[in-house]
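Here the sequence shown is numbered in the numbering used here, starting from 173 and rising by one per residue.
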Amino acid sequence: MPAILASETPTRRRRASPRASAKDAADAVPESATELEALRAAMEALSIGVVIAESVPGHASRIAWHNGAYTRIVGVKARGGTPFGELPFALYLPDRMTRVEPADWPAPTAARTGDAVRERELHLRRSNGEWRVLLVSAAPLQRPPGEAGGRAAGILLDVTERRQAEADLSRRGQLLRAVIETSPDPIFVKNRESQVLFANPATLRVVGKPSDQVMGRKDSEFYDDREIGAAIEATDRRIMESAAEEVVEEVVVTPEGRRLFLSTKTPWRDSSGRVIGIVGIARDITHRKAAEEALRSSERRFRALIENSSDMLVLVDARGAITFWSPAAREGLGWTAEEALGRDALELVHPDDRGPVSRAFARTMDSAGRPVHHRARIACRDGTHRLVDGVARDLRDDAAIGSVVMNLRDVTEEARTEELLLQSQKLDSIGRMAGGIAHDFNNLLTVILCSVESEGEALDAGRAVAREDVDQIREASQRASELTRHLLAFARRQVIDPVVVDLNGLVARSERVLQRMLGETVQITVEARPGLWPVRCDPAQVEQVLVNLAVNARDAMPGGGSLRISMDNVGADALPADLPAGDWVRLRVRDTGVGMSRDVRDHIFEPFFTTKPSGRGTGLGLATVYGIVRQAGGHVRVESEPGKGSTFDVLLPRSVDVEAGQADAGRAAGVGGEETVLLVEDDPGVREAAARSLRAGGYTVLTAPDAASAIEVAGASSTPPHLLVTDVVMPGTTGRQLADRMRAERPGLRVLFLSGYAPELFGPEGLLDPGTSFLAKPFSPIALLSRVRQVLDAP
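What follows is the structure, given as structure tokens:
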């Protein structure tokens with residue numbers, strides 16, 4: 173403690189406090205050394221900064237002493253005698269722009285003038301740039317006798333945090349007031365008597381009254397409908413009595429009419445916890461309530477539709493697990509919802525239909541909500557299956573659904589009806605085919621009978637046989653043979669000998685022939701496809717398909733036009749849903765002809781169906797195309813509209829073989845020989861005619877009408893047969909069984925089968941069994957001799 177304090181004249185004793193004024197501090201003068209030490213300790217313990225300023229005439233005011241709190245507040249410890257102007261901090265007015273000179277600081281001013289300086293707010297800027305807010309005051313001290321200068325005690329109180337808190341509180345208050353004032357929801361405060369103490373603008377808008385008609389009044393006093401106001405007051409009293417917050421729905425009559433509000437009301441308590449009123453906030457839920465009721469009505473309506481719909485509604489997730497199973501699904505298939513939910517939907521699909529259904533489901537997931545149709549057999553709980561038509565739509569992105577929605581309709585009975593109708597249509601087709609066969613064969617038989625009768629009369633009269641009659645018989649027989657081949661092709665009962673074929677080369681080789689056949693009025697364009705996959709087929713049959721499609725196109729373009737033939741690869745990603753999975757090669761034939769109506773398009777592949785005038789067509793061309801393609805494992809599609817031409821797509825499965833070539837025509841061979849041939853044929857006419865042809869070729873011929881006779885004849889012959897020529901279909905046994913028995917006894921025996929229709933010799937696709945030699949009826953003598961020679965000379 174500096175001597176300046178010890179030399180003061182003792183006065184009354186007073187303890188300084190943090191809120192003590194500068195005058196109080198100046199009057200607190202110790203009376204003894206003990207009191208002096210106590211005072212020094214007290215001054216150091218103060219959180220209020222205390223500084224003693226000394227003013228000497230002719231010199232700047234300086235610091236005589238300060239306590240530790242002063243150091244903490246100003247951020248620097250000054251030595252006694254340091255002029256205030258040399259201190260490393262500055263004081264500013266609250267605007268923090270106007271600096272206060274050190275001579276005008278409160279303590280130096282009071283020391284210089286001898287007048288007390290009242291408490292004022294100044295802002296301190298420390299040497300490190302930090303700002304603090306101070307409340308500063310000063311009081312002069314008594315001058316010792318004989319001293320010319322003056323002294324004063326300055327008090328500094330740091331109120332930075334207080335001012336910050338006050339500012340924050342003010343900002344929060346302003347923010348709270350802004351929120352309350354601008355809130356679209358009514359906010360209000362009432363006392364114990366339900367009188368309104370506060371109401372924000374939203375409350376006044378709802379009430380429809382100005383503030384002076386609401387403040388201090390009860391609801392029953394300012395609402396036009398007294399019953400509504402009384403009901404609100406009753407709710408308020410109940411909440412204040414229970415002292416518990418409640419959320420209630422209240423009806424209020426507003427200028428816009430009756431509205432429904434959801435009000436949250438909380439008891440308002442004083443500092444002792446006693447309920448002195450109520451605080452509330454309300455929200456208009458009229459529209460929400462209406463929307464909720466509309467939603468409930470909609471849910472009831474749609475639930476009624478679902479529960480009473482005959483269509484089955486099934487929802488599955490992205491993995492295919494069932495998440496919803498409608499009552500119609502339970503009724504139609506027998507599975508309860510508990511048994512179906514969570515189950516993989518594919519498990520209920522018939523094993524043969526799971527592949528197409530899986531592909532349809534994958535397309536659904538990639539179709540961005542577009543419907544995908546499919547048909548499949550679904551397992552029932554009793555072990556049977558029902559055929560359903562389904563429409564699937566991916567609605568996983570719809571938050572209200574979040575699933576793949578499948579509408580399923582049981583079409584089992586419809587399919588059976590369609591099958592019966594199809595059978596009826598097939599019977600009509602068979603009737604039409606029978607009529608066509610009868611018509612064509614009667615014409616051919618008429619030619620043959622007339623020619624034979626003419627030749628018989630000539631022989632009876634001793635005249636030479638007319639060459640014209642022989643030619644007519646041969647031509648009629650060839651036409652009958654061609655008609656039979658068409659019918660077998662349609663029925664997919666031809667025996668085919670397939671090889672791996674490059675359709676690019678096959679079509680290119682056929683182009684010139686097709687152009688000559690179509691004439692100059694039809695322009696053919698062939699579009700080869702580099703990298704075309706190979707197919708396995710009978711080249712002659714594919715050429716027949718091309719010829720028939722080209723002829724059909726020519727007849728559809730009587731005035732000329734264009735025919736475009738193109739080839740392309742069709743991968744699994746572009747495969748129609750109803751085709752088996754795999755890779756396919758497409759042969760497309762497109763014309764610019766007159767086109768077809770839907771009714772015509774539905775029957776074009778039926779035999780003897782034709783729209784051409786009488787005598788212009790047999791109606792077997794497209795039926796033959798259909799039979800050949802289906803027998804090769806392929807499919808035929810047609811698109812056509814009247815006036816827009818027609819497009820035929822022939823789809824053949826891709827071959828896994830790596831080399832493509834042509835059918836081996838066999839090496840050149842003669843038509844005669846000296847070997848022994850055993851001919852087995854149950855028809856006497858065919859047997860005698862074939863025997864004559866073989867003998868004419870130089871062969872030794874043994875004949876038999878059936879298998880038993882053939883074994884007997886062969887055993888009795890001095891020359892064992894080199895070749896067995898046998899009919900396939902015979903009484904008692906088949907030609908194959910006979911061949912197997914005779915080969916067991918004679919391993920080197922060669923066999924040639926004869927038949928007009930021989931399903932025993934080919935597999936399900938019409939392919940000739942490997943190592944089997946076959947000659948189709950009817951055949952000519954030269955065809956028989958040539959084929960016999962090939963079989964005998966084969967390695």
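In this text, a Cβ means the ideal position worked out from N, Cα and C, and glycines have one as well.
If you reduce the DSSP assignment to three classes, tell me which class R788 lands in.
Position 616 of the sequence shown, counting from 1, holds the residue named residue 788. Residue placement at R788 cannot be trusted, given a pLDDT of 49 that sits under 50; the coordinates are not used to answer.
Name the residue from A275, T693, G452, A861 whose alpha carbon lies nearest to the alpha carbon of E405.
Sequence index remark: in the sequence shown, residue 405 carries index 233 (1-based). Nearest option by C-alpha distance: G452.
For S469, does the count of other Cβ atoms within 10 angstroms reach 16, so buried, or fall short, so exposed?
Mapped onto the sequence shown, residue 469 falls at position 297. Burial call: exposed.
Return the CA-CA distance between A551 and A500, expressed in angstroms with no decimal places.
Here residue 551 is taken as the residue at index 379 of the sequence shown, counted from 1. Here residue 500 is taken as the residue at index 328 of the sequence shown, counted from 1. Approximately 15 angstroms, taken between the alpha carbons.
Which parts of the region 853–905 are runs of the beta strand (DSSP E), unbroken and 3 residues or longer, counting only runs that do not cross its ends?
Listed in chain order, they are 872–876, 895–899.
With DSSP run on the structure shown, which of helix, strand or coil describes T584?
Stepping through the sequence shown from its first residue, residue 584 is reached at position 412. DSSP places T584 in helix when its eight states are reduced to three.
Whole angstroms is fine: what's the gap from V560's alpha carbon to D674's?
Taking the sequence shown and counting its residues from 1, one reaches residue 560 at position 388. Taking the sequence shown and counting its residues from 1, one reaches residue 674 at position 502. Approximately 41 angstroms between the Cα atoms of the pair.
Measure how close the beta-carbons of E260 and S299 come, nearest whole angstrom, since I'm counting them as under 8 angstroms.
Your numbering for residue 260 matches position 88 in the sequence shown. Your numbering for residue 299 matches position 127 in the sequence shown. What sits at residue 260 in the sequence shown is Pro, not Glu. The pair is a contact, with the Cβ atoms about 4 angstroms apart (cut-off 8 angstroms).
My assumption, with CB atoms under 8 angstroms, is that L328 sits in contact with G221. Please give the rounded CB distance.
On the sequence shown, position 156 is the one that residue 328 refers to. On the sequence shown, position 49 is the one that residue 221 refers to. The Cβ separation is near 3 angstroms, so the contact holds.
Identify, in the order they occur along the chain, each residue of the same chain with its Cβ nearer than 6 angstroms to the Cβ of R185, setting aside the five sequence neighbours on each side.
Walking along the sequence shown from the start, residue 185 turns up at place 13. Note that R185 scores a pLDDT of 38, beneath 50, so its modelled location is shaky; the value from the coordinates is reported in the next line. So no residue of the chain qualifies.
Take S530 and list the residues in its own chain whose beta-carbon comes closer than 8 angstroms to its own, dropping the five residues that flank it on each side.
As a first step, residue 530 is located in the sequence shown; it is residue number 358 there, counting from the start. Only L518 meet the Cβ criterion.
Count the other CB atoms within 10 Å of the CB of Q803; is the residue buried (16 or more) or exposed (fewer)?
As a position in the sequence shown, residue 803 is number 631, starting the count at 1. The residue is buried, with at least 16 neighbouring Cβ atoms inside 10 Å.
Does DSSP put G257 in a helix, a strand or coil?
Start at 1 with the first residue of the sequence shown, and residue 257 comes out as number 85. Helix at G257.
Just to check my reading of the structure: V223 and G326 have Cβ atoms closer than 8 angstroms, yes? What is that Cβ distance to the nearest angstrom?
Numbered from 1 along the sequence shown, position 51 holds the residue referred to as residue 223. Numbered from 1 along the sequence shown, position 154 holds the residue referred to as residue 326. The pair is a contact, with the Cβ atoms about 4 angstroms apart (cut-off 8 angstroms).
Residues in its own chain within less than 6 angstroms of S435 by CB, not counting five upstream and five downstream?
Taking the first residue of the sequence shown as 1, we reach residue 435 at position 263. The residues are V420, E422, G452, A454.
For the putative contact between L924 and S945, defined by C-beta atoms under 8 angstroms, what is the C-beta separation to the nearest angstrom?
Residue numbering aside, residue 924 sits at position 752 when the sequence shown is read from its first letter. Residue numbering aside, residue 945 sits at position 773 when the sequence shown is read from its first letter. Yes, L924 and S945 are in contact; Cβ-Cβ is about 5 angstroms, under 8 angstroms.
Could you tell me whether the region 240–251 touches the region 264–278, where touching means 3 or more Cβ pairs closer than 8 angstroms?
They do not touch, by the three-pair rule.
Tell me whether S682 is buried or exposed, calling it buried when 16 or more other Cβ atoms sit within 10 Å of its Cβ.
The residue labelled residue 682 in the question sits at position 510 within the sequence shown. Buried, by the Cβ-count rule.
Can you tell me whether P730 is buried or exposed? The criterion is at least 16 other CB atoms within 10 Å of its CB, across all chains shown.
The count along the sequence shown starts at 1 and reaches residue 730 at position 558. Exposed, because fewer than 16 other Cβ atoms sit within 10 Å of the Cβ of P730.
Roughly how many whole angstroms lie between the Cα atoms of V679 and D727?
Residue numbering aside, residue 679 sits at position 507 when the sequence shown is read from its first letter. Residue numbering aside, residue 727 sits at position 555 when the sequence shown is read from its first letter. Roughly 20 angstroms between the two C-alpha positions.
For R705, tell me which candidate among T697, R758, A712, V963 has the shortest Cα-Cα distance.
Along the sequence shown, one-based indexing puts residue 705 at 533. According to the sequence provided, residue 705 is Trp. The question's Arg does not apply to it. Ranking the options by Cα distance to W705, first place goes to R758.
When DSSP builds the beta bridges, which residues end up paired with R565?
By 1-based counting over the sequence shown, the position of residue 565 is 393. In the DSSP output, where bridge partners are listed per residue, R565 has V577.
Quick one: what does DSSP say Q314 is sitting in, helix, strand or coil?
As a first step, residue 314 must be located in the sequence shown, where it is residue number 142. In this structure, Q314 counts as coil in the three-state DSSP scheme.
Relative to the C-alpha of D878, which candidate in L850, A888, P892 has its C-alpha closest?
Here residue 878 is taken as the residue at index 706 of the sequence shown, counted from 1. Nearest option by C-alpha distance: L850.
Specify, as a first and last residue, the run of the alpha helix (DSSP H) that D727 falls within.
Taking the first residue of the sequence shown as position 1, residue 727 is located at position 555. For D727, the enclosing alpha helix (DSSP H) covers residues 711–728.
Do the CB positions of A324 and A282 come within less than 8 angstroms of each other?
Numbered from its first residue, the sequence shown carries residue 324 at position 152. Numbered from its first residue, the sequence shown carries residue 282 at position 110. In this structure, A324 sits near A282, with a CB-CB distance shorter than 8 angstroms.
Which first and last residues belong to the beta strand (DSSP E) in which T426 is found?
For this step, residue 426 is matched to residue 254 along the sequence shown. T426 -> beta strand (DSSP E) spans 418–426.
Quick check: the Cα distance between R826 and L957, rounded to an integer number of angstroms?
The residue given as residue 826 occupies position 654 in the sequence shown. The residue given as residue 957 occupies position 785 in the sequence shown. Between R826 and L957, the C-alpha separation is close to 37 angstroms.
What are the start and end residues of the alpha helix (DSSP H) that includes D821?
Locating residue 821 in the sequence shown gives position 649, counting from the first residue. Element bounds for D821: not the alpha helix (DSSP H) but the beta strand (DSSP E), 818–825.
So, helix, strand or coil for R918, using DSSP?
Residue 918 sits at position 746 when you count from the first residue of the sequence shown. R918 falls in the coil class under three-state DSSP.
Note the first and the last residue of the continuous beta strand (DSSP E) segment covering V742.
Translated into positions along the sequence shown, residue 742 becomes position 570. Counting along the chain, the beta strand (DSSP E) containing V742 begins and ends at 733–742.
Quick check on D384: buried or exposed, where buried means 16 or more other Cβ atoms within 10 Å of its Cβ?
Here residue 384 refers to the residue found at position 212 of the sequence shown. Residue burial is scored here from C-beta neighbours: D384 has fewer than 16 other C-beta atoms within 10 angstroms and is therefore classed as exposed.
Note down the Cα distance separating G257 from S219, rounded to an integer number of angstroms.
For the purposes of this step, residue 257 is identified with residue 85 of the sequence shown, where counting begins at 1. For the purposes of this step, residue 219 is identified with residue 47 of the sequence shown, where counting begins at 1. In a straight line, the C-alpha of G257 is about 24 angstroms away from that of S219.
Which parts of the region 261–328 are runs of the beta strand (DSSP E), unbroken and 3 residues or longer, counting only runs that do not cross its ends?
262–264, 289–297, 303–313
Tell me the rounded alpha-carbon separation between R377 and P427.
To locate residue 377, count along the sequence shown from 1; it is residue 205. To locate residue 427, count along the sequence shown from 1; it is residue 255. Looking at the two C-alpha atoms, the distance is approximately 8 angstroms.
Between which two residues does the alpha helix (DSSP H) harbouring V351 extend?
Sequence index remark: in the sequence shown, residue 351 carries index 179 (1-based). Start and end: 332–354.
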